[in-house]
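Structure first, then comments.
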Amino acid sequence: MLLATRHEGNVMARITKRTVDSLKPGSIVWDGEVSGFGCRCQVKSKVYMLKTAIGGRQRWFTIGRHGSPWTVEKARTRAKRIIGNIADGKDPAKDRDADKNKPTVAELCERYLEDYAKEHKKPSSLKSDQKNIENHVLPLLGREFVASVTFADIDRFKRAVKDGKSSRERKPEHQGGPNVTGGKGVANRCLALLSKMFNLAERWGWCSVGSNPCRHVDRYPENKREKFLSDKELAALAEVLNKSESENPYAVAAIRMLIFTGARLGEILHLEWAHVDMERAMLLLPDPKTGQKAVFLSAPALDVLANLPHMKNNPHVICGEKDGSHLVNLQKPWGRIRKRAGLEDVRLHDLRHSFASVAASGGLSLPMIGKLLGHTQAATTARYAHLAADPLKAANEAIGQRIAAVMRGEGAEVVDLGKRKA
């Protein structure tokens, strides 16, 4: 219900988000719960404010624009804090100046990228972090003070990203890039990123130790999609690659290297001839975490490299169109190739999964597969455990059948492995 008061504008029993969203430019609404707290609708924004008296003089305090981080509740809480400080004889202007010295989440993001990520993250991971910060973290949390972010703020952020609140279509001038989307997977990546940043904030003294607001926020369950190419699918892909070689030899070479090495896409696209050791049959890749990563080369992989021409003044193995550059976008040629091969639902990353699946079904141990793939954590390789069990099942079946034959009196020879001579 609207009530007439000494303030210009209307007074609500309690301002809500719906109230603020419905405001028209030029209008003001005042809160019936906290005297002097209100929201003014300007042409391009809605601003929370507090109108009060100090020493007999009327004072106006701008709290912040409606939106992240200023929800109605947060703005109302800030208004109460200002009123309380005035009652205690404190100067709100000094309190406001103190806030200016508190680091915000936006400043935390900047320091994270400059002082940590550039040194410790791989280029592809760094790029992913930059996108998540720009697309989701800054719009939703950027103006929050690091030390003031709570569990509720992070939980609300997680749900907002999942629900697509930070999603947007690309601008016309950015026609090559993807739209910004949300979803459970994106929310989980952002949550992991924020957790790391707040751990660093504790280390840097920007918030108290043990205060990480992400610590008890649950991640969304994800149905991880893993596709392994069958022998038939690999044969179909090989046929199309052979026919496509004249169209784009570098794209075809990149796809073959992904198939034969199990390497990551970025590792192959950024590969330089200086990283290739043909004699030792290895790629020696620079790695910000371990210093150097070894990728072993089989004979088919060596053949791919041996048949690629070295472009003059270009250090890269998989050359791009511009002089001295590497191929940037493999998705477009891969889209054409997989369509011709009848592999509509296969991603480039599935070639890495397929490499691992062949290794597992061939009897290699999970630790060995992890070494080949460059996994730093055993849990990452554990996804292939069910495939590694296949050769064990086959061996177990053969043993069982042999023992059963002996027990049926069929006279199968049993070899005593302990007494067998070399």
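Residue numbers (UniProt numbering): 1 to 422.
Yeah, the Cβ is synthetic: ideal placement off N, Cα and C, and Gly gets one too.
Sub-9 angstroms separation of residue i and residue j beta-carbons
i    : j    : result
F198 : V149 : yes
L108 : A117 : no
I337 : A251 : yes
R59  : P92  : yes
I63  : V43  : no
F37  : A79  : yes
T16  : S35  : no
G342 : A236 : yes
K227 : R347 : yes
S195 : C214 : yes
V105 : N135 : no
A301 : R256 : yes
S128 : R189 : yes
S166 : L200 : no
L372 : A356 : yes
R219 : A187 : yes
N132 : L193 : yes
L191 : V217 : yes
A263 : G374 : yes
K122 : D287 : yes
Opening and closing residue of the beta strand (DSSP E) in which residue i lies
i   : result
T62 : 57-65
K46 : 46-54
N10 : 10-12
N-terminal and C-terminal residue of the alpha helix (DSSP H) that residue i is part of
i    : result
Y250 : 249-261
D303 : 299-306
C190 : 184-203
N212 : Element bounds for N212: n/a, residue is neither H nor E.
V240 : 231-244
W334 : 331-340
D153 : 151-162
I82  : 72-87
R408 : Looking at the DSSP string, R408 is not in any alpha helix (DSSP H), and its letter there is neither H nor E.
P69  : Taken as a continuous stretch (DSSP letters only), P69 belongs to no alpha helix (DSSP H), as it is neither H nor E.
V20  : 17-21
I268 : 265-269
D129 : 123-132
Bridge-paired residues (DSSP) for residue i
i    : result
D277 : M282
R40  : I28, V47
K322 : Paired residues: none, contrary to the question.
F296 : M282
T104 : F145
H349 : According to DSSP, H349 bridges with nothing at all.
E272 : H316
Supposed close pair residue i, residue j - CB separation, criterion 8 angstroms
i    : j    : result
L351 : I259 : 5 angstroms
L285 : V295 : 6 angstroms
F61  : I28  : In fact, because the Cβ distance is near 15 angstroms, the residues do not count as touching under 8 angstroms.
C39  : V11  : C39 to V11, Cβ: 12 angstroms. No contact.
G183 : K162 : 6 angstroms
G282 : L297 : Looking at the sequence shown, residue 282 is not Gly but Met. Right, the Cβ-Cβ distance comes to about 6 angstroms (below 8 angstroms), so this counts as a contact.
N212 : E222 : Not really, about 22 angstroms apart at Cβ, beyond 8 angstroms.
G32  : R57  : That pair is no contact at about 24 angstroms.
R65  : S45  : 5 angstroms
P69  : W206 : With 8 angstroms as the limit, P69 and W206 do not qualify as a contact, their Cβ atoms being about 16 angstroms apart.
L229 : S354 : 4 angstroms
N307 : G324 : 22 angstroms between Cβ atoms; not a contact.
Residue-chain proximity (residue i, chain C), Cβ-Cβ < 9 angstroms
i    : result
S125 : Chain labels in this structure do not include chain C; a single protein chain is all it has.
Any non-hydrogen atom of the ligand ZN within 8 angstroms of residue i CB
i   : result
V43 : By its list of ligands, the structure shown contains no ligand whatsoever, and the ligand ZN lies outside what it can speak to.
Would you be able to state if there are at least three C-beta pairs under 8 angstroms between the stretch 272-284 and the stretch 299-318? Contact between the stretch 299-318 and the stretch 272-284 is present: three or more C-beta pairs spanning the two stretches fall below 8 angstroms.
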